[in-house]
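A short worksheet on the structure shown next.
Protein chains: 6
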Amino acid sequence: MIVTASRVERFNAAHRLHNPEWSDAKNAEFFGLCNNKNFHGHNYTLIVKVTGEVDPESGYLIDLKVLKNIIRKQVTDRFDHKNLSLDVEDFHKLNPTAEHIAYVAWHRIKKHLDPKFALHVTLYETERNFVEYEGR
Amino acid sequence: MIVTASRVERFNAAHRLHNPEWSDAKNAEFFGLCNNKNFHGHNYTLIVKVTGEVDPESGYLIDLKVLKNIIRKQVTDRFDHKNLSLDVEDFHKLNPTAEHIAYVAWHRIKKHLDPKFALHVTLYETERNFVEYEGR
Amino acid sequence: MIVTASRVERFNAAHRLHNPEWSDAKNAEFFGLCNNKNFHGHNYTLIVKVTGEVDPESGYLIDLKVLKNIIRKQVTDRFDHKNLSLDVEDFHKLNPTAEHIAYVAWHRIKKHLDPKFALHVTLYETERNFVEYEGR
Amino acid sequence: MIVTASRVERFNAAHRLHNPEWSDAKNAEFFGLCNNKNFHGHNYTLIVKVTGEVDPESGYLIDLKVLKNIIRKQVTDRFDHKNLSLDVEDFHKLNPTAEHIAYVAWHRIKKHLDPKFALHVTLYETERNFVEYEGR
Amino acid sequence: MIVTASRVERFNAAHRLHNPEWSDAKNAEFFGLCNNKNFHGHNYTLIVKVTGEVDPESGYLIDLKVLKNIIRKQVTDRFDHKNLSLDVEDFHKLNPTAEHIAYVAWHRIKKHLDPKFALHVTLYETERNFVEYEGR
Amino acid sequence: MIVTASRVERFNAAHRLHNPEWSDAKNAEFFGLCNNKNFHGHNYTLIVKVTGEVDPESGYLIDLKVLKNIIRKQVTDRFDHKNLSLDVEDFHKLNPTAEHIAYVAWHRIKKHLDPKFALHVTLYETERNFVEYEGR
Chain G
29 MIVTASRVER FNAAHRLHNP EWSDAKNAEF FGLCNNKNFH GHNYTLIVKV TGEVDPESGY
89 LIDLKVLKNI IRKQVTDRFD HKNLSLDVED FHKLNPTAEH IAYVAWHRIK KHLDPKFALH
149 VTLYETERNF VEYEGR
Chain X
29 MIVTASRVER FNAAHRLHNP EWSDAKNAEF FGLCNNKNFH GHNYTLIVKV TGEVDPESGY
89 LIDLKVLKNI IRKQVTDRFD HKNLSLDVED FHKLNPTAEH IAYVAWHRIK KHLDPKFALH
149 VTLYETERNF VEYEGR
Chain C
29 MIVTASRVER FNAAHRLHNP EWSDAKNAEF FGLCNNKNFH GHNYTLIVKV TGEVDPESGY
89 LIDLKVLKNI IRKQVTDRFD HKNLSLDVED FHKLNPTAEH IAYVAWHRIK KHLDPKFALH
149 VTLYETERNF VEYEGR
Chain A
29 MIVTASRVER FNAAHRLHNP EWSDAKNAEF FGLCNNKNFH GHNYTLIVKV TGEVDPESGY
89 LIDLKVLKNI IRKQVTDRFD HKNLSLDVED FHKLNPTAEH IAYVAWHRIK KHLDPKFALH
149 VTLYETERNF VEYEGR
Chain E
29 MIVTASRVER FNAAHRLHNP EWSDAKNAEF FGLCNNKNFH GHNYTLIVKV TGEVDPESGY
89 LIDLKVLKNI IRKQVTDRFD HKNLSLDVED FHKLNPTAEH IAYVAWHRIK KHLDPKFALH
149 VTLYETERNF VEYEGR
Chain L
29 MIVTASRVER FNAAHRLHNP EWSDAKNAEF FGLCNNKNFH GHNYTLIVKV TGEVDPESGY
89 LIDLKVLKNI IRKQVTDRFD HKNLSLDVED FHKLNPTAEH IAYVAWHRIK KHLDPKFALH
149 VTLYETERNF VEYEGR
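Residue numbers (the working numbering), protein chains in the order written: chain G, 29 to 164; chain X, 29 to 164; chain C, 29 to 164; chain A, 29 to 164; chain E, 29 to 164; chain L, 29 to 164.
Quick look at the structure:
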């Protein structure tokens, strides 16, 4: 019995979209308001999906309390109430776009998950803009 | 033209997570609050996705009123305002975890659906915990 | 500057609606499915609104972390993953209707809140049924 | 790095489900209330998912402002506050079921999207009825 | 014990905003897209709030199944999948703005509700536009 | 006919809670994570409620497009993708708590609204924390 079990977690953070190899003018033009040098912020919602074989003894794919703790320890406790651009080392050389945040979250969680599981993350930056990454 | 058409239904039920082959201590430790011998409960949301070829005459994949009636008759009318552990025979030998409830709902609906359709169910146990099953 | 500050908390519980002074037939007829002797359950959402004068020094009406802790300690930790009818003493002599749960939550919170504040609670039993109580 | 980036847009429209090759009686029986000759309407929600390789320079899959503008110009500005059956040429020979609206939206967006991207659309007609199309 | 108990119901309808005493040009200018002569439509959400004294025997303010039936029979069954401007007599002489729809719904429900209750209705026309009426 | 008409708008911003008259230690202890010197951020949702007499000619309390434009010009365009603490003059001497943001939004809108209307604002900082202000 193959199922997917998912957990929703949230974090609130500031960031700035910026490519240091571009001129200020190009950054301003390309990233628009998101390039504000004083930062802006979002309530991010992270949905983590794990797929695999259900354990016939417990009836669980994975204990969602365990998954919640991995997500919090590896991702949301590190990002919550932080400035992603300044406070989080993962983004010192990586522009904190939603795509890159999802990529970093996927890799941080994957390392602490039993390798038998497939992993997929969805990251909502606003109610109307969201991205997905599954390790490809 | 291959499309997926989906219907959302809900039911409110009590349950207890418990493996009768484990000791009380192991059940309490593993399932935590969900093992409460007096039960607890949830507002479950069931999303049923059907995939196949659109009927060119009607422009429908499947009449969603028909799908709604299958879901209600086979699943939600049987589970709603019930104690899944005590009142629903499907769970007399199967621990009513979200994974197993999704599995049972899928099989109950599948039996009454035209076999030409693929079927996928998502079950939300809370706003932050949900599972998916598609018959594998 | 008079403001209202609010906090949303949740709990998942089983219950049974029943008046022990009525016959079984009258209970079944009046409460319908909610009278199931084996219980059913809900994901309850509790919105707690506090009204008063903003503190000019901090810019807070009340620290919402403090309010969250009062709600959890006095209400949601006591009700979550419980059977309200069996496990929670407040409902041994009080039918656990949404109205009464809101009433009990209001009184439990009020006792631990600075008396200078007005208090209002909203309790969602489902997405479509909810009640409000403000101590009158 | 393959990701999916998505944008949510909305439009409010009237429509009537009707097959002109069927008798009035058959239309009324099959489509029920949706066949009302005076039309009815919905708040439609359109979720547009684009999949491809992230641009390493910008960290974007696609600028979601660009995607928003394509969706608005090609779909939602044309459908919003319109009668799909009368005002929108795409539906003069195509019954405006949710399946067909999703199909039309997909083709209208696809034509203006870089061909390197895969495209998937979800259309909510109500909170409980929705369809998906991905060009197969 | 004074409480408010509320029920959420929905209906999907077409309408046109138009004042027959104004010129076509004035209607078009004032109501904009909402004046489309071929109509447009919405998924309306109606929240009905009833306030009064809880019945000490049942613990209910009002049986929400009874309130649901009043709302459906008096309002939503009459408005659902209809063209408010053409099919619903209440709007033959009253422009079906959200304000007027809320007013009509309030009066239709009030007539069938025990006069001891206060009544308040909220009508969402979209997720971002809504109105309230309480009989003043 | 007295009604309330409401409009929902959103903005995404960074901020830092800090009282410059307190020591760093006191700020850190009182505001906790919200005192992060590098800022954090939120997706704010602002609900603006206007109450008054419906215009019998149009059937509108107020044209919600007009209200939307006031909110955007006076509030959300000024706050969106900004750092409230650094970029918005209103908060140079006022700690940008949710309470104070609601207060500033109310005053900014009030000045541009016909004085015959009563005004109430609700500001969601997260899905679970929100405040209200109505000019008292």
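Glycine included, each C-beta is placed from N, C-alpha and C at the ideal position.
Hey, residue i and residue j are a contact pair by Cβ (cut 8 angstroms); roughly how many whole angstroms apart?
i: E:V82; j: E:T32; result: No, E:V82 and E:T32 are not in contact; Cβ-Cβ is about 11 angstroms, not under 8 angstroms.
i: A:V149; j: A:I75; result: 7 angstroms
i: G:L155; j: A:V36; result: Here residue 155 of chain G turns out to be Glu, not Leu, going by the sequence shown. Confirmed, Cβ separation roughly 7 angstroms.
i: G:V94; j: G:E127; result: The pair is not a contact, with the Cβ atoms about 27 angstroms apart (cut-off 8 angstroms).
i: E:N63; j: E:N55; result: 5 angstroms
i: C:A130; j: C:L112; result: Their Cβ separation, rounded to whole angstroms, is 12 angstroms, which puts C:A130 and C:L112 out of contact at 8 angstroms.
i: G:K110; j: G:V116; result: 6 angstroms
Kindly indicate which three-state DSSP category residue i falls into: helix, strand or coil?
i: L:K121; result: coil
i: E:H199; result: Coverage of chain E is limited to positions 29 through 164, which leaves residue 199 of chain E absent and any answer about it impossible.
i: E:S86; result: coil
i: A:R35; result: strand
For residue i and residue j, I'd like the C-alpha separation in whole angstroms.
i: C:F107; j: X:I137; result: 34 angstroms
i: X:A146; j: X:N71; result: 26 angstroms
i: G:R43; j: G:P124; result: Correcting the residue identity first, residue 43 of chain G is His in this sequence and not Arg. Computed Cα separation, rounded: 7 angstroms.
i: E:G180; j: C:H68; result: Only positions 29 to 164 of chain E appear in this structure, which leaves residue 180 of chain E out of reach.
i: X:F59; j: X:H46; result: 7 angstroms
i: G:L92; j: G:P143; result: 16 angstroms
i: L:H135; j: A:D52; result: 58 angstroms
i: C:N66; j: X:L114; result: 7 angstroms
i: C:P48; j: E:R164; result: 41 angstroms
i: G:F119; j: G:K139; result: 18 angstroms
i: G:T73; j: G:F39; result: 7 angstroms
i: L:L141; j: L:M29; result: 19 angstroms
i: C:S34; j: L:K96; result: 25 angstroms
i: L:I99; j: L:D105; result: 8 angstroms
i: E:N157; j: C:W50; result: 46 angstroms
i: X:P84; j: X:I90; result: 11 angstroms
i: L:E162; j: L:L61; result: 29 angstroms
i: E:K121; j: L:K121; result: 53 angstroms
i: L:A41; j: G:A41; result: 9 angstroms
Where do the ends of the alpha helix (DSSP H) carrying residue i lie?
i: X:V17; result: Since the first residue shown for chain X is 29 and the last is 164, residue 17 of chain X is missing from the structure and cannot be characterised.
i: C:H140; result: Taken as a continuous stretch (DSSP letters only), C:H140 belongs to no alpha helix (DSSP H), as it is neither H nor E.
i: L:K65; result: It is not in any alpha helix (DSSP H) - L:K65 carries neither H nor E in the DSSP assignment.
i: C:S113; result: 112 to 115
i: E:D52; result: 52 to 59
Which stretch, first to last residue, makes up the beta strand (DSSP E) that contains residue i?
i: G:N71; result: 68 to 81
i: E:L147; result: 146 to 152
i: A:V159; result: 157 to 161
Under the criterion of a Cβ to heavy atom distance below 7 angstroms, does residue i qualify as lining the ligand NAD?
i: X:Y131; result: For the ligand NAD, the structure offers nothing, since it holds no ligand at all.
Interface residues of chain B around residue i at Cβ under 9 angstroms?
i: A:S51; result: No chain B appears in this structure, whose protein chains are G, X, C, A, E and L.
When you check each C-beta in the stretch 110 to 141 of chain E against every C-beta of chain A, which residues fall closer than 9 angstroms?
K110, N111, S113, L114, D115
Report the residues of the stretch 60 to 79 of chain A with a CB closer than 7 angstroms to any CB of chain E, ordered along the chain.
Along the stretch 60 to 79 of chain A, the positions whose C-beta sits under 7 angstroms from a C-beta of chain E are L61, C62, N64, N66, F67, H68, G69, H70, N71, read in chain order.
Between the stretch 37 to 49 of chain E and chain A, which residues of the former have a C-beta closer than 7 angstroms to a C-beta of the latter?
Cβ contacts with chain A: N40, A41, A42.
Check distances from the C-beta atoms of the stretch 76 to 110 of chain L to those of chain G and list, in chain order, the residues that come in under 8 angstroms.
D108, H109, K110
Residues of the stretch 145 to 164 of chain L with Cβ closer than 8 angstroms to any Cβ of chain E, in chain order:
none
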